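Report on the structure given below.
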Amino acid sequence: MASFQEKVFRVVSQIPRGKFSTYKEIAKKAGSPRAWRAVGNILNKSASWRTKIPCHRVIKSDGKIGGYRYGIKKKITLLKKEGIIIKNGKITSRFKK
DNA sequence: AATGAGGCCCTAA
DNA sequence: ATTAGGGCCTCAT
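All residue numbers for the first sequence refer to our numbering, where the first residue is 1413 and numbers rise by one.
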């Protein structure tokens, strides 16, 4: 273990329902603050065989949804169901820069 | 403010 | 061991 992937899963799994996180944050908590790219890549492939993690609660730092293995549209729907408001494919929050 | 280009980290083949 | 890809991020114009 001790793989970056394991840490990523752990962090993503710790995301409470109704909330969301960014790739950068996850990468940082995973131990590599510059590995947000790997995070997306890992979630993309790993989510295929390990969809037990809320990968749809992970968005970009700009507030955009980003992408989703099962479809960006599905991701938006899931987020909205959790209480997150999305506007034109972007999340309305106050964590803006 | 929006757009373009570059670069870092990780995994798989 | 090397190459290519990815759901990105940041800087510059």
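We treat Cβ as the ideally placed atom computed from N, Cα and C, and that holds for glycine. All figures in this text were calculated on a predicted structure; none of them were measured in a lab.
Item: What residue does the alpha helix (DSSP H) around ILE1497 start on, and which one ends it?; Value: ILE1497 -> no alpha helix (DSSP H), and no H or E assigned at all.
Item: Pull up the distance between the alpha-carbon of ALA1459 and that of VAL1451, whole angstroms please.; Value: 11 Å
Item: Kindly list the residues whose CB is nearer than 7 Å to the CB of LEU1490, restricted to its own chain and excluding five residues on each side of it in sequence; keep chain order.; Value: HIS1468
Item: How would you label LYS1486, buried or exposed, when you count the other beta carbons within 10 angstroms and need 16 or more for buried?; Value: exposed
Item: What are the partner residues of THR1434, as DSSP defines its beta bridges?; Value: ILE1471
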